[in-house]
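1 is the number of the first residue of the sequence shown in full-length UniProt numbering; add one for each residue after it.
Positions of the beta carbon are idealized from the N, C-alpha and C atoms, including for glycine.
I have placed the structure first, in the form of structure tokens, so that the comments after it can refer back to it.
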Amino acid sequence: MQLSWTSRSHPGCLRQNNEDYVACMGDQGLWLLADGMGGHQAGEVAAQLACQIVSQSIRTGSEPKEAFSLAHQLILDQSEGQQSGMGSTLICLQQLSDEQFQISWVGDSRAYRWRNGELEQLSRDHSYVQSLIDAGQITAEQAREHPEKNIITQCLGAIEYDAIEVESLNSFWLPGDLIILCSDGLNDELHDKEIARILSLSDEPEQQLLDLEEAALESGGKDNISMVGISYGEPKTQRTRPLSRSKRSNKSEIPDSLDFENASGQSSVSVLAFILLIVFLILASAFWFW
Numbered sequence: 001m002q003l004s005w006t007s008r009s010h011p012g013c014l015r016q017n018n019e020d021y022v023a024c025m026g027d028q029g030l031w032l033l034a035d036g037m038g039g040h041q042a043g044e045v046a047a048q049l050a051c052q053i054v055s056q057s058i059r060t061g062s063e064p065k066e067a068f069s070l071a072h073q074l075i076l077d078q079s080e081g082q083q084s085g086m087g088s089t090l091i092c093l094q095q096l097s098d099e100q101f102q103i104s105w106v107g108d109s110r111a112y113r114w115r116n117g118e119l120e121q122l123s124r125d126h127s128y129v130q131s132l133i134d135a136g137q138i139t140a141e142q143a144r145e146h147p148e149k150n151i152i153t154q155c156l157g158a159i160e161y162d163a164i165e166v167e168s169l170n171s172f173w174l175p176g177d178l179i180i181l182c183s184d185g186l187n188d189e190l191h192d193k194e195i196a197r198i199l200s201l202s203d204e205p206e207q208q209l210l211d212l213e214e215a216a217l218e219s220g221g222k223d224n225i226s227m228v229g230i231s232y233g234e235p236k237t238q239r240t241r242p243l244s245r246s247k248r249s250n251k252s253e254i255p256d257s258l259d260f261e262n263a264s265g266q267s268s269v270s271v272l273a274f275i276l277l278i279v280f281l282i283l284a285s286a287f288w289f290w
């Protein structure tokens, strides 16, 4: 058995910019998805920073809580001028062993598991309506129509939070499993029952994600729609799949390397400069506490 993965990202029907960002580093067992927010393209910057900082930190041995906290602080530090108020959700899947993985998240980007024809939401939204659901005040169905359904209670870079609360869960793969990381542009348009119905129409992850994207667009596509699908099964000849960067065109491939790419294909942060920054921060921290 081995892992294969596929990704899609679409700006939606109403928005010019795509503030979602995905990073797939399958050869290193790490997949990330961020949903940025903030005017003047600040959301795009925040989402990319979130993915780059957290992935580099985890790769150098940091626990997700430490990596997310570092991203939160560095996004805060960059939030000034036209980028003031920028922030981002983030969800990531890290392969821990041949059969075990960990999912960590902040915000309302989700992780679903499709197993044996059943859909299960693995993550728990950090949102106001989720707190109402937890308190028994509204149902999940009522939350979809709630006027404050888009208020999130945790995100990277929000000045309201001195510290963030990172949630994590560990689980095991079974043959045939498909894990989907997605921005809320998907589940805001499609009920879980509809997501499950669409997934049941194909057993090919690439086709399944394409079908989900098209259904979300047909339902309105009011927000950016991004997904990462990681499947566990028999070896495939090609481990990476196309990332759609525009409306069903201009596809590019996501490499098995440290090359990051958002939905527009533009990189606003130099990976090399970022690595040097991380090294500097680590050395500075060591000197400070020495």
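- Residue environment for proline 64: buried (at least 16 other C-beta atoms within 10 angstroms of its C-beta).
- Distance from the CA atom of leucine 174 to the CA atom of isoleucine 53, rounded to whole angstroms, is 30 Å.
- The DSSP-derived three-state label of glycine 233 is strand.
- A direct Cα-Cα distance of roughly 15 Å separates aspartate 77 from glycine 38.
- Sequence-distant partners of asparagine 187 (beyond 5 residues in either direction) whose C-beta falls short of 8 Å from its own C-beta, in its chain, are Arg110, Ile195.
- Taking glycine 117 as the centre and dropping the five residues before and after it, the same chain places the C-beta of Ser200 closer than 7 Å to its C-beta, in chain order.
- Take histidine 146, set aside five residues on each side of it, and the residues of its chain with a beta-carbon closer than 7 Å to its own are Val129, Ile138, in chain order.
- Scanning Arg197, Ser231, Lys149 for the CA closest to the CA of alanine 215 turns up Arg197.
- Nearest to tyrosine 21 by C-alpha distance, out of Leu96, Gly233, Met227, Ser231, is Met227.
- Taking 8 Å as the cut-off, the Cβ atoms of glutamate 234 and methionine 1 count as close.
- Collapsing the DSSP output to three states places histidine 146 in coil.
- In the structure shown, tyrosine 161 adopts coil according to DSSP, grouped into three states.
- Residue nearest to aspartate 223 within the set Ser183, Glu148, Leu169 is Ser183 (criterion: CA-CA distance).
- Restricting attention to Gln142, Gln48, Gly136, the CA atom closest to the CA of glycine 157 is found in Gln48.
- For glutamate 167, the enclosing beta strand (DSSP E) starts and ends at 167-172.
- Taking each of Ile75, Leu210, Val45 in turn and checking the Cα distance to alanine 163, the smallest one comes out for Ile75.
- Burial check for isoleucine 159: the Cβ neighbour count within 10 Å stays below 16, so the residue is exposed.
- Judged by their CB atoms, leucine 212 and histidine 10 are not nearer to each other than the 8 Å cut-off.
- Within the model, the alpha-carbon separation for glutamate 189 versus cysteine 51 is close to 25 Å.
- Under the three-state reduction of DSSP output, glutamate 118 falls in the strand class.
- The bridge partners DSSP lists for isoleucine 180 are Tyr112, Gly229.
- From the listed residues Ile180, Phe101, Ser131, Gly107, the smallest Cα separation to glutamine 121 is found for Ile180.
- Residue nearest to lysine 193 within the set Trp31, Ala71, Glu141, Gly43 is Glu141 (criterion: CA-CA distance).
- Per the C-alpha coordinates, the member of Gly220, Leu178, Lys149, Ala135 positioned closest to serine 231 is Leu178.
- Under the criterion of beta carbons closer than 8 Å, isoleucine 225 and glycine 81 do not qualify as touching, at roughly 29 Å.
- Taking the CA atoms as reference points, serine 79 sits about 12 Å from glutamine 41.
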